[in-house]
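The listed protein sequences derive, respectively, from chains A and B. Residue numbering for the first sequence follows the working numbering, starting at 1 and increasing by one per position. Residue numbering for the second sequence follows the working numbering, starting at 153 and increasing by one per position. For glycine and all other residues, C-beta sits at the position ideal for the given N, C-alpha and C. Bear in mind the structure is a predicted one, so any value in this text is a computation, not a measurement.
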Amino acid sequence: MAAEEVLRAEHVLEFPYKRSVGPILGRFFTELRDNQRIVGIRTKRGQVIVPPAEVDPETLEDLSADAIVPVANAGVVKSWTWLSDPRPYSAYKKPHAWALIQLDGADTSLLHAVVVESEAKMTTGMRVKAVWKDERQGHITDIAHFAPEAAK
Amino acid sequence: MSEAQSTEKKPVTYINTPVAVKYDYTAGKATSDFMRAVAQGKILGNRCPQCNRVYVPNFLVCVQCAVPMGEPFEVPDSGIVLTFCIVNIKFYDQVLEVPYVSAYVLLDGTDLPLMHLVQECNVNDVRMGMRVKAVWKEELSPSLESIRYFKPTGEPDAALETFKEYL
Chain A
1 MAAEEVLRAE
11 HVLEFPYKRS
21 VGPILGRFFT
31 ELRDNQRIVG
41 IRTKRGQVIV
51 PPAEVDPETL
61 EDLSADAIVP
71 VANAGVVKSW
81 TWLSDPRPYS
91 AYKKPHAWAL
101 IQLDGADTSL
111 LHAVVVESEA
121 KMTTGMRVKA
131 VWKDERQGHI
141 TDIAHFAPEA
151 AK
Chain B
153 MSEAQSTEKK
163 PVTYINTPVA
173 VKYDYTAGKA
183 TSDFMRAVAQ
193 GKILGNRCPQ
203 CNRVYVPNFL
213 VCVQCAVPMG
223 EPFEVPDSGI
233 VLTFCIVNIK
243 FYDQVLEVPY
253 VSAYVLLDGT
263 DLPLMHLVQE
273 CNVNDVRMGM
283 RVKAVWKEEL
293 SPSLESIRYF
303 KPTGEPDAAL
313 ETFKEYL
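Listed below in structure tokens is the structure:
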């Protein structure tokens, strides 16, 4: 049989998930939306976890909403990777970094986008601050991205 | 506080986290041959030389015997409803109005059912063993959507003994 080309078709697999966040993360998202404030949770060991968890990942101790504490909207880039070609569904249309950011007052790092002009502007240890959206809906994307903190 | 304000200040209990993956599906030789035939209004199957089962769509290798399958040939576009399900639940991106029937249709002379819709009858009248025939679109394409659905032919039902080995 003569070799014929195989057929190809574009497919899209899509799930419109809606996720229940519970009392602890619910508070995190509510604070983002209503107060432009980032909160973490203090464990009995005194560590502040951001975003707040329901359980201390090391001791497995249950954590209550009473232990929620605010942290700063700015912090330090602990590590990062440069995304030169965002995927079609990404919220970011231009190249940017994904970074682990340790906010002041936190002992863990939060994953978020850092928007700078180019990869050359990224350094581990650089200080960044949250840039908020005007219209917030109670979602991690209420923080539009992080940007370098203005030089002092 | 006005009602609008109190609604706005409700704590967040849910977040929307949609995921989507866009990809190119490569059909491979067997499915490409099948789809090209569908675009001409034909359904292809092929036979395993060892177990004699006829698969629809045509396969490259028998999944039971692991031997190469025979050359594809056209199979009838009529058969029986093997099993079926009445879909009553609405879901995201649903194309059809509920209720509708999704059925395993065993085409005549074949041993592997094809999943498709059964329409042109009340959903409550669909039965196991009911005779059905494909209703094709006027504009054919290399997609099973070229078959709009299967409709009852009105012929007598197949007896359970004739298809129970497929259940």
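Original post:
Shortest alpha-carbon distance to residue 163(B) belongs to which of 146(A), 144(A), 148(A), 139(A)?
Top reply: 139(A)
**OP:** Could you tell me which of 22(A), 141(A), 20(A), 68(A) sits nearest to residue 43(A), measuring between CA atoms?
**Re:** 68(A)
Original post:
Relative to the C-alpha of residue 210(B), which residue among 187(B), 308(B), 182(B), 313(B) is closest?
Top reply: 182(B)
Original post:
Would the region 134–148 of chain A and the region 29–39 of chain A be scored as touching if the rule is three or more Cβ pairs under 8 Å?
Top reply: yes
**OP:** State the start and end residues of the unbroken alpha helix (DSSP H) segment that holds residue 231(B).
**Re:** That residue, residue 231(B), is in no alpha helix (DSSP H); its beta strand (DSSP E) goes 230–239.
Subject >> Spatial distance of residue 213(B) from residue 18(A) (CA atoms) >> reply: 41 Å
**OP:** Taking only the alpha-carbon atoms, compute the straight-line gap between residue 260(B) and residue 229(B) and give it to the nearest angstrom.
**Re:** 8 Å
Original post:
Per DSSP, residue 81(A) forms a beta bridge with which residues?
Top reply: 98(A)
Original post:
Taking the continuous alpha helix (DSSP H) assigned at residue 24(A), which residues delimit it?
Top reply: 22–35
Original post:
What are the start and end residues of the beta strand (DSSP E) that includes residue 174(B)?
Top reply: 171–178
Original post:
Taking 7 Å as the line, does the beta carbon of residue 54(A) fall inside it for any heavy atom of the ligand MN?
Top reply: Of ligands this structure carries none, so the ligand MN is not represented either.
**OP:** Note down the Cα distance separating residue 172(B) from residue 306(B), rounded to an integer number of angstroms.
**Re:** 43 Å
Original post:
Quick one: Cα of residue 221(B) to Cα of residue 244(B), how far?
Top reply: 39 Å
**OP:** In angstroms with no decimal places, state the Cα-to-Cα distance between residue 153(B) and residue 161(B).
**Re:** Any reading at residue 153(B) must be qualified, since the residue scores a pLDDT of 39, below 50, and its modelled position is unreliable; no value is offered.
Original post:
Do residue 278(B) and residue 233(B) have their CB atoms nearer than 8 Å?
Top reply: yes
Subject >> Close-in-space but distant-in-sequence residues of the same chain around residue 78(A) (CB under 6 Å, 5 per side omitted) >> reply: 100, 102, 109
**OP:** Verify whether the separation of the beta carbon atoms of residue 41(A) and residue 52(A) is less than 8 Å.
**Re:** yes
Original post:
From the beta carbon of residue 250(B), is the nearest beta carbon of chain A less than 8 Å away?
Top reply: no
Original post:
In its own chain, which residues sit with a C-beta less than 7 Å from the C-beta of residue 104(A), not counting the 5 before and 5 after it?
Top reply: 71, 72, 74, 75
Subject >> Where residue 292(B) sits in the DSSP three-state scheme >> reply: coil
Subject >> Alpha carbon of residue 256(B) to alpha carbon of residue 180(B), nearest angstrom >> reply: 24 Å
**OP:** Please name the residues in the region 158–178 of chain B whose beta-carbon is closer than 9 Å to at least one beta-carbon of chain A, in chain order.
**Re:** 160, 161, 162, 163, 164, 165, 166, 167, 168, 169, 170, 171, 172, 173, 174, 175, 176, 177, 178
Original post:
Alpha carbon to alpha carbon, what distance is there between residue 14(A) and residue 170(B)?
Top reply: 7 Å
Subject >> Residue from 133(A), 118(A), 141(A), 142(A) with nearest C-alpha to residue 148(A) >> reply: 118(A)
Original post:
Just how far apart, CA to CA, sit residue 258(B) and residue 86(A)?
Top reply: 46 Å
Original post:
Hey, how far is the Cα of residue 206(B) from the Cα of residue 225(B)?
Top reply: 10 Å
**OP:** Measure from the C-beta of residue 78(A) to each C-beta in chain B and report whether the shortest distance is under 8 Å.
**Re:** no
Original post:
By Cβ distance below 8 Å, which residues in the same chain neighbour residue 253(B) in space, the five residues on each side in sequence not counted?
Top reply: 236, 237, 238, 239, 269, 270, 271, 275, 278
Subject >> Contact with chain A by residue 181(B), beta-carbon distance below 8 Å >> reply: yes
Original post:
Taking C-beta to C-beta, are residue 296(B) and residue 190(B) nearer than 8 Å?
Top reply: yes
**OP:** Report yes or no: is there a C-beta of chain A within less than 8 Å of the C-beta of residue 184(B)?
**Re:** yes
Subject >> is_contact[residue 13(A), chain B] using C-beta, thresh 8 Å >> reply: yes
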